[in-house]
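*Asks:* One structure is given below, represented as structure tokens, and several questions about it will come after.
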Amino acid sequence: MTSAVSFQKASRHFGSVRAVDAVDLDIAPGEFFAMLGPSGSGKTTCLRLIAGFEQPTSGSISIFGERAEGVPPYRRNVNTVFQDYALFPHLNVLDNVAYGLMVKGVGKAERHKAAEEALSLVRLPGYGARRPGQLSGGQRQRVALARALVNQPKVLLLDEPLGALDLKLRENMQEELKSLQKALGITFVFVTHDQGEALSMADRVAVFNDGKIMQIGTPEDIYQRPKTRFVADFVGSSNVLPPDFVQRYSGQHRWGSLRPESIRVGRAASGVTSGEGVSARLVSTNYLGATTKLALDADGLRLHAIAPAGTALPAEGEAVVLTFNREHLHLMDEPA
Amino acid sequence: MRSDGSQSAPLGLKIAATCGLLFLHLPILLIFVYAFTTEEKSFVWPPPGLTTQWFAVTWNRPDVWQALSLSVRVAAISTAIALVLGTLCSAAVSRTKFFGRETISLLVILPIALPGIITGIALRSAFSLADIPFSFWTIVLGHATFCVVVVYNNAVARFRRTSGSMIEASMDLGADGFQTFRHVVLPNIATALLAGGMLAFALSFDEVIVTTFTAGQQQTLPIWMLEELIRPRQRPVTNVVAMVVMLVTLLPILAAYYLTRDGDQIAGSGK
């Protein structure tokens with residue numbers, strides 16, 4: 001099967017800066033694909049390589065089997081939802097959405113009808129006559145989405161589309177984007193620095209750092225089985241355990257990771273010390289509503305644990321014993 | 337203390353403001369009054385009598401028409417050149433990064449910072465070095481040097497405020513470079529170009545210093561006026577011309593003011 005988007009050793013260097021460095025990537029048709037990474041990790045440059053705003057300095061990129069190098073953005077069947085939405089302030093909402101059809105020479109009645117349909121798709125019917133300046137952030141986001149979808153792209157690129165929205169709106173949009181993608185069957189490529197967003201929406205996630213892909217996998221893979229310390233730390237702030245520590249529990253001298261929710265915290269006095277546990281001191285507690293986050297100090301090793309609400313917790317500064325199920329201790333590929 | 341809208345300003349401030357406005361605008365009114373005076377050799381106050389005969393006299397003076405026509409043509413061509421070059425230059429400077437960008441920006445702005453007399457002397461010696469005889473085009477060239485600056489400044493400011501991703505969005509949606517310019521760039525900078533163009537036209541229309549060095553024997557309207565003031569005959573003709581020019585230019589300037597004001601509101605609210 002042809003990939004929707006395929007990178008073969010694609011690089012984009014700006015002078016000595018390797019924004020994207022020899023990236024191999026295959027995105028399947030109809031997939032909801034997230035590119036996750038801190039700012040400056042190359043994920044947005046990757047998106048711009050697909051859109052055609054950047055050209056690879058080496059390697060090759062193909063979109064549905066067609067070579068993309070040298071093809072300008074306006075000849076690619078790919079559309080983008082920009083981070084700042086980039087709506088045209090001099091056009092009303094309907095003409096904004098119809099813009100892609102207008103430059104293709106579609107007649108006025110026909111393109112306005114298509115734009116009206118796209119607006120209904122993003123649940124903004126009847127907003128056509130307004131100016132972008134009269135809309136709220138969430139509405140502008142939907143207009144940007146409708147404008148990108150009206151051209152019926154094969155791949156839709158979304159550059160941190162929810163970054164400017166408040167939390168509640170963001171959660172609604174996440175669900176909506178997901179169901180829209182399912183309904184339309186278009187390949188979505190989504191750039192974000194929010195690991196929660198990537199994990200909850202995407203079919204697969206690529207974690208970027210320093211212009212390279214650290215790991216590609218399903219959200220569960222990425223979360224449960226990080227390959228490197230970076231991934232473990234960036235995706236959901238896992239506890240990264242040094243090789244010496246890991247060796248005591250698994251017998252292997254390798255870096256390990258342990259999810260905060262896998263750690264059970266008990267009072268040292270309660271007698272669970274069967275040699276299994278790690279003795280530690282509770283440094284601080286951080287109440288988060290549904291859970292409480294505990295900061296622990298195990299003989300100089302900083303660990304985090306998460307306890308569900310309602311658990312009786314030791315006081316801050318108290319000595320505690322940490323226990324965990326050994327199969328939850330994940331060994332990483334990264335060499336010790 | 338902050339004054340809110342309903343509170344009226346203190347009396348002293350009102351008087352000061354009125355005096356300031358009178359100081360600025362009374363001399364202009366005087367020009368209007370002298371256009372109707374019966375005394376033609378010197379400006380005496382109060383005018384000994386009022387007449388409208390100078391309008392007819394002005395109408396029938398061919399030198400007025402020649403000077404006016406030359407000024408309009410020079411200003412129109414200089415503005416047109418400035419619009420094209422100024423827009424291209426501002427687009428290059430604000431849209432791309434290249435070696436020497438700051439230098440080019442400075443060189444473009446320089447003519448308006450330089451005293452006109454230096455621009456004038458420089459152009460005149462350049463023309464004589466290159467053996468170029470004075471003509472309509474030498475005036476235009478002189479005027480274009482500073483007309484480009486005003487268009488450039490206006491356009492650069494507008495480019496800076498329009499989001500760069502808008503152009504990318506247009507390309508992304510299938511518009512090539514020309515379509516993007518036509519449908520996205522131009523509508524967004526149009527009011528800035530209008531304002532810059534009108535300012536350029538006005539600057540060119542009343543320019544004296546550079547023109548004296550590049551015009552040779554030709555008379556643009558301001559130079560004609562200067563020469564007319566030293567001649568003791570039919571003096572009110574100058575006033576009539578000044579008054580008509582002022583009234584005729586007032587309308588487009590008002591129009592430009594309202595147009596660009598609305599434009600700013602739209603661009604501002606789009607953010």
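Chains as they are written, first to last, in my numbering: chain A, 1 to 336; chain B, 337 to 607.
Positions of the beta carbon are idealized from the N, C-alpha and C atoms, including for glycine.
Note that the structure is a prediction, hence the values are computed from the model and not measured.
(1) Can you give me the C-alpha to C-alpha distance between L562 of chain B and G552 of chain B, rounded to a whole angstrom?
(2) Quick check: T415 of chain B and C483 of chain B, are their CB atoms within less than 8 Å of each other?
(3) Would you call the CB atoms of A307 of chain A and T291 of chain A closer than 8 Å?
(4) Against chain B, with Cβ distances strictly below 8 Å, would F53 of chain A count as a contact?
(5) Checking contacts by CB at 8 Å: is T57 of chain A closer than that to chain B?
(6) If the cut-off is 7 Å on Cβ atoms, which residues from the stretch 96 to 124 of chain A count as contacting chain B, listed in chain order?
(7) Please report whether the beta-carbon of F190 of chain A lies at a distance below 8 Å from any beta-carbon of chain B.
(8) State the Cα-Cα distance for the pair A466 of chain B and V573 of chain B, rounded to the nearest angstrom.
(9) Do you know whose CA, among A:L94, A:A118, A:L119, A:F82, lies nearest G108 of chain A's CA?
(10) When we look at the beta-carbon of W560 of chain B and count the other beta-carbons within 10 Å, is it buried (16 or more) or exposed?
(11) Who are the Cβ neighbours of I216 of chain A in its own chain at under 8 Å, not counting the five residues just before and after it?
(12) Less than 8 Å between CB atoms is the rule here; does H13 of chain A satisfy it with respect to chain B?
(13) Would the stretch 102 to 119 of chain A count as touching the stretch 539 to 549 of chain B if we require 3 or more Cβ pairs under 8 Å?
(14) Which first and last residues belong to the alpha helix (DSSP H) in which D24 of chain A is found?
(15) Do the CB positions of L459 of chain B and L477 of chain B come within less than 8 Å of each other?
(16) Could you pull out every residue in the same chain whose Cβ sits closer than 8 Å to the Cβ of Q601 of chain B, ignoring the five residues on either side in sequence?
(17) Quick one: give me the first and last residue of the alpha helix (DSSP H) that I566 of chain B is part of.
(18) Under 8 Å: do the stretch 62 to 72 of chain A and the stretch 223 to 230 of chain A share three or more Cβ pairs, one atom per stretch?
(19) Strictly under 8 Å for the Cβ-Cβ distance: is T80 of chain A near chain B by that measure?
(20) Using a Cβ-Cβ cut-off of less than 8 Å, list which residues of the stretch 510 to 524 of chain B approach chain A; keep chain order.
(21) Span of the beta strand (DSSP E) holding T354 of chain B?
(22) Which residues in the same chain as L149 of chain A place their Cβ atom closer than 6 Å to its Cβ, once the five residues preceding and following it in sequence are excluded?
(23) Any beta carbon from chain B within less than 8 Å of I127 of chain A's own beta carbon?
(24) Just mark F7 of chain A as buried or exposed, buried being the case when its beta carbon has 16 or more other beta carbons within 10 Å.
(25) I'd like to know whether the C-beta of R142 of chain A is nearer than 8 Å to at least one C-beta of chain B.
(26) Pull the bridge partners of V191 of chain A from the DSSP assignment, please.
(27) In chain order, what residues of the same chain have a beta carbon less than 7 Å from the beta carbon of T394 of chain B, not counting five sequence neighbours either side?
(28) Can you tell me which of the three DSSP states M214 of chain A falls into?
(29) Can you list, in chain order, the residues of its chain whose CB lies under 8 Å from that of M502 of chain B, leaving out five sequence neighbours each side?
(30) Hey, which unbroken runs of the alpha helix (DSSP H) at 4 residues or more fall wholly within the stretch 136 to 187 of chain A?
(31) Note down, in chain order, all residues in the stretch 482 to 499 of chain B with a beta-carbon under 7 Å from any beta-carbon belonging to chain E.
(32) Against chain B, which members of the stretch 237 to 269 of chain A pass a CB distance test of less than 8 Å?
(33) Starting from the beta carbon of Y74 of chain A, find every residue of chain B whose beta carbon is closer than 7 Å, and list them in chain order.
(34) Between V20 of chain A and I50 of chain A, how many whole angstroms is the CB-CB distance? I'm expecting something under 8 Å.
(35) Between the stretch 313 to 333 of chain A and the stretch 245 to 260 of chain A, do at least 3 Cβ pairs fall closer than 8 Å?
(36) Rounding to the nearest angstrom, what Cα-Cα distance links V265 of chain A and V278 of chain A in this structure?
*Replies:* Put simply:
(1) 15 Å
(2) yes
(3) yes
(4) With 8 Å as the cut-off, F53 of chain A counts as an interface residue toward chain B.
(5) no
(6) Against chain B - using a Cβ distance shorter than 7 Å - the residues of the stretch 96 to 124 of chain A are Y99, G100, V103, K104.
(7) Judged by the 8 Å Cβ criterion, F190 of chain A is not in contact with chain B.
(8) 39 Å
(9) Residue 108 of chain A is actually Lys in this sequence, not Gly. Closest by alpha carbon: A:L94.
(10) Buried, because 16 or more other Cβ atoms sit within 10 Å of the Cβ of W560 of chain B.
(11) L25, R204, V205, A206, V207
(12) no
(13) no
(14) Premise fails: D24 of chain A lies in the beta strand (DSSP E), 17 to 27, not in any alpha helix (DSSP H).
(15) yes
(16) Reliability of the predicted coordinates at Q601 of chain B is poor, the pLDDT of 43 falling under 50, and no value is obtained from them.
(17) Counting along the chain, I566 of chain B falls outside any alpha helix (DSSP H), and DSSP gives it neither H nor E.
(18) At 8 Å Cβ cutoff, the stretches do not touch.
(19) yes
(20) G510, A511, D512, Q515, H519, V520, P523, N524
(21) That residue, T354 of chain B, is in no beta strand (DSSP E); its alpha helix (DSSP H) goes 347 to 370.
(22) A118
(23) The sequence shown places Tyr at residue 127 of chain A, not Ile. Not closer than 8 Å to any Cβ of chain B, the Cβ of Y127 of chain A fails to qualify, so no.
(24) buried
(25) no
(26) A:M35, A:D159
(27) V400, V573, V576, V577
(28) It is a strand residue.
(29) V520, N524
(30) 137 to 149, 167 to 184
(31) Annotation note: the requested chain E is absent from the structure, which comprises protein chains A and B.
(32) none
(33) M507, G510, A511, D512
(34) No, V20 of chain A and I50 of chain A are not in contact; Cβ-Cβ is about 11 Å, not under 8 Å.
(35) The answer is yes - the stretch 245 to 260 of chain A touches the stretch 313 to 333 of chain A, with three or more Cβ pairs under 8 Å.
(36) Cα to Cα, V265 of chain A sits roughly 10 Å from V278 of chain A.
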